[in-house]
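Participant: First the structure, then my questions, so here it is.
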Amino acid sequence: MSDTSQQDLIYAVYPDLAGKRVVVTGGGSGIGAELVAAFAGQGARVWFLDIAEEAGRALAASLAESVDGPRHAPRFIKCDLTDLAALKAAFEDIEGEAGGVDILLNNAANDDRHDIEEVTPAYWENRMNVNLRHQFFCSQAVIPGMKKQGDGVILNFGSISWHLPHTELSLYMTAKAAIEGMTRGMARDLGKYGIRASTVVPGAVRTPRQQALWHTPEEEARILAGQCLPARVEMQDVAALSLFLASSNGRRCSGREYFVDAGWYGA
Ligand SMILES: NC(=O)c1ccc[n+]([C@@H]2O[C@H](COP(=O)([O-])OP(=O)(O)OC[C@H]3O[C@@H](n4cnc5c(N)ncnc54)[C@H](O)[C@@H]3O)[C@@H](O)[C@H]2O)c1
Numbered sequence: 021m022s023d024t025s026q027q028d029l030i031y032a033v034y035p036d037l038a039g040k041r042v043v044v045t046g047g048g049s050g051i052g053a054e055l056v057a058a059f060a061g062q063g064a065r066v067w068f069l070d071i072a073e074e075a076g077r078a079l080a081a082s083l084a085e086s087v088d089g090p091r092h093a094p095r096f097i098k099c100d101l102t103d104l105a106a107l108k109a110a111f112e113d114i115e116g117e118a119g120g121v122d123i124l125l126n127n128a129a130n131d132d133r134h135d136i137e138e139v140t141p142a143y144w145e146n147r148m149n150v151n152l153r154h155q156f157f158c159s160q161a162v163i164p165g166m167k168k169q170g171d172g173v174i175l176n177f178g179s180i181s182w183h184l185p186h187t188e189l190s191l192y193m194t195a196k197a198a199i200e201g202m203t204r205g206m207a208r209d210l211g212k213y214g215i216r217a218s219t220v221v222p223g224a225v226r227t228p229r230q231q232a233l234w235h236t237p238e239e240e241a242r243i244l245a246g247q248c249l250p251a252r253v254e255m256q257d258v259a260a261l262s263l264f265l266a267s268s269n270g271r272r273c274s275g276r277e278y279f280v281d282a283g284w285y286g287a
């Protein structure tokens with residue numbers, strides 16, 4: 021029988037991830053924080069960018085101080101990714117310190133709800149900037165180095181939301197749908213340089229933000245009824261897929277969408 025328990029996952033070890041230079045955007049909390057911990061746990065050198073300074077510093081400190089802590093303490097850089105000058109400066113900082121990036125995890129996003137009739141042009145811009153634009157420009161920042169070394173992995177984080185009939189999320193869904201197209205384009209252009217690009221598509225993942233803002237017993241029942249597997253997707257499940265795709269075990273995976281959603285086709 022398959023495992024539908026909520027027990028902690030023990031990650032597979034991918035020896036080629038040790039020493040890899042990894043950047044995680046939005047790594048201060050939620051799935052991003054789990055990605056930081058999971059890649060650092062493989063012995064990778066991790067830099068993570070987030071607008072949330074307190075959470076970012078607290079995560080960096082807790083990982084550096086943990087008893088069986090990672091080989092390389094992850095480094096937090098405060099950055100508002102909607103500010104393209106700040107984004108560029110952050111990647112120049114990483115480039116100066118690391119000499120390049122091997123793996124980019126474009127994870128930062130914001131899924132605030134909105135009513136279509138209240139959307140202004142400024143709000144439209146803001147939603148595209150926080151959910152879509154930075155994925156392109158963070159990728160653009162690391163591509164020259166990846167090309168030079170003939171190797172690199174870009175994982176763009178999409179969302180199940182637009183594959184299902186969600187409400188009050190039309191701009192987020194627009195951005196997340198675009199990410200899949202953008203990723204296919206990138207993969208096609210970059211494959212010849214040894215660079216892989218894929219979209220990771222999480223389902224309804226139990227994160228602190230989701231639990232705090234939108235969790236109700238009715239919502240929990242709706243999600244479980246809609247999924248093929250009667251168990252919630254945890255942040256570790258998303259990190260486990262990301263580790264595989266970023267490692268050499270995923271060397272023939274590019275240009276596609278990889279879902280980790282417990283088979284959520286229901287409404
Ligand atoms: N949680 C889910 O159920 C779910 C479902 C589908 C897709 N996803 C996707 O997975 C990824 C992670 O989701 P999550 O639930 O962990 O999100 P989250 O909101 O819990 O965390 C996102 C992180 O991004 C950071 N961030 C937001 N705006 C930023 C900015 N302008 N500059 C820098 N950092 C910024 C936040 O501070 C936060 O630390 C996102 O791409 C999201 O769209 C999540």
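With our numbering, letter number 235 in the sequence shown gets 255, and the count goes up by one each step, no holes.
A virtual CB, placed ideally from N, CA and C, is assigned to each residue, including glycine.
1) Give the DSSP-derived three-state secondary structure of residue 21 in the structure shown.
2) By DSSP, does residue 282 sit in helix, in strand, or in coil?
3) Between residue 150 and ligand 1, is the CB less than 6 Å from at least one heavy atom?
4) Starting from residue 146 and walking both ways along the alpha helix (DSSP H), at which residues does that stretch end?
5) Hey, out of 39, 201, 129, whose CA is closest to residue 192's CA?
6) Touching or not, the region 178-187 and the region 227-237, by the rule of three or more beta carbon pairs under 8 Å?
7) Counting along the chain, where does the beta strand (DSSP E) carrying residue 222 start and finish?
8) If distances are taken between C-alpha atoms only, which option among 137, 127, 102, 164 comes closest to residue 148?
9) Any heavy atom of ligand 1 inside 6 Å of the beta-carbon of residue 72?
10) Note the first and the last residue of the continuous alpha helix (DSSP H) segment covering residue 246.
11) Give every residue of the same chain whose Cβ lies closer than 6 Å to the Cβ of residue 95, excluding the five residues on either side of it in the sequence, and list them in chain order.
12) Between the alpha carbons of residue 92 and residue 240, how many angstroms are there, rounded?
13) Which full runs of the alpha helix (DSSP H) of 4+ residues lie inside the region 42-80, going along the chain?
14) Under 7 Å between C-beta atoms, does residue 151 make it to chain B?
15) Can you name the residues that DSSP bridges to residue 226?
16) Taking residue 41 and residue 118 to be in contact with their CB atoms under 8 Å, please state how far apart those CB atoms are, rounded to whole angstroms.
17) Assign residue 32 to buried or exposed, taking buried as 16 or more other Cβ atoms, counted over all protein chains shown, within 10 Å of its Cβ.
18) Is it buried or exposed, residue 196, if we count other Cβ atoms within 10 angstroms and call 16 or more buried?
19) Give a single yes or no on whether residue 171 has its beta carbon closer than 6 Å to a heavy atom of ligand 1.
20) Who does residue 162 pair with in a DSSP beta bridge?
21) Keeping to the same chain, check which residues put their C-beta closer than 6 Å to that of residue 161; ignore five residues upstream and five downstream.
22) For the 8 Å Cβ check, are there 3 or more pairs between the region 169-180 and the region 195-215?
23) Out of 269, 122, 277, which one is the CA nearest neighbour of residue 201?
24) Please report the distance separating the alpha-carbon of residue 108 from that of residue 237.
25) Please tell me whether residue 36 and residue 190 are closer than 7 Å, where the distance is taken between their beta carbons.
26) Quick check for students: name the residue ranges of the beta strand (DSSP E) that lie wholly in the region 73-128, counting only runs of 3 or more.
Facilitator: A quick look at the data gives this:
1) Walking along the sequence shown from the start, residue 21 turns up at place 1. A caution first: residue 21 carries a pLDDT of 45, below 50, which makes its placement in the model unreliable, though a value can still be read off. Coil.
2) On the sequence shown, position 262 is the one that residue 282 refers to. The answer is coil: DSSP assigns residue 282 none of H, G, I, E or B.
3) To locate residue 150, count along the sequence shown from 1; it is residue 130. Yes, since a heavy atom of ligand 1 falls inside the 6 Å radius drawn around the Cβ of residue 150.
4) The residue labelled residue 146 in the question sits at position 126 within the sequence shown. Its alpha helix (DSSP H) spans residues 141-148.
5) Position 172 of the sequence shown, counting from 1, holds the residue named residue 192. Per the Cα distances, 129.
6) Counting Cβ pairs under 8 Å, fewer than three are found: no touch.
7) Locating residue 222 in the sequence shown gives position 202, counting from the first residue. It spans 215-222 - the beta strand (DSSP E) in which residue 222 sits, taken as one unbroken run.
8) Here residue 148 is taken as the residue at index 128 of the sequence shown, counted from 1. Residue 102 is the option with its Cα nearest to residue 148.
9) Locating residue 72 in the sequence shown gives position 52, where the first residue counts as 1. Between ligand 1 and residue 72, a heavy atom-to-CB distance of less than 6 Å is present.
10) Reading the sequence shown from its first residue, position 226 is the one you call residue 246. 237-246 is the extent of the alpha helix (DSSP H) around residue 246.
11) Start at 1 with the first residue of the sequence shown, and residue 95 comes out as number 75. 67.
12) Taking the first residue of the sequence shown as 1, we reach residue 92 at position 72. Taking the first residue of the sequence shown as 1, we reach residue 240 at position 220. Across the structure, residue 92 and residue 240 are spaced so that their CA atoms are roughly 37 Å apart.
13) Correct list: 50-61.
14) The structure shown has no chain B; it contains just one protein chain.
15) Looking up residue 226 in the sequence shown gives position 206. Beta bridge pairing from DSSP links residue 226 with 254.
16) Residue 41 sits at position 21 when you count from the first residue of the sequence shown. Residue 118 sits at position 98 when you count from the first residue of the sequence shown. Rounded, the Cβ-Cβ distance is 4 Å, consistent with contact.
17) Along the sequence shown, one-based indexing puts residue 32 at 12. Residue 32 comes out exposed.
18) Along the sequence shown, read from residue 1 onward, the residue named residue 196 stands at position 176. So residue 196 ends up on the buried side.
19) For the purposes of this step, residue 171 is taken as residue 151 along the sequence shown, with counting starting at 1. Residue side-chain check: residue 171 keeps its Cβ at 6 Å or more from all non-hydrogen atoms of ligand 1.
20) Sequence index remark: in the sequence shown, residue 162 carries index 142 (1-based). Secondary-structure assignment with DSSP links residue 162 through no beta bridge to anything.
21) Along the sequence shown, read from residue 1 onward, the residue named residue 161 stands at position 141. Counting only Cβ-Cβ distances below 6 Å, and skipping sequence neighbours, we find 111.
22) Segments in contact, yes.
23) Taking the first residue of the sequence shown as position 1, residue 201 is located at position 181. Per the Cα distances, 277.
24) As a working note, residue 108 is residue 88 in the sequence shown. As a working note, residue 237 is residue 217 in the sequence shown. Rounded to whole angstroms, residue 108 to residue 237 spans 43 Å at the Cα level.
25) The residue you call residue 36 lines up with position 16 of the sequence shown. The residue you call residue 190 lines up with position 170 of the sequence shown. Contact flag unset, no.
26) If we require 3 residues or more, the beta strand (DSSP E) runs fully inside the region 73-128 come out as 95-98, 123-126.
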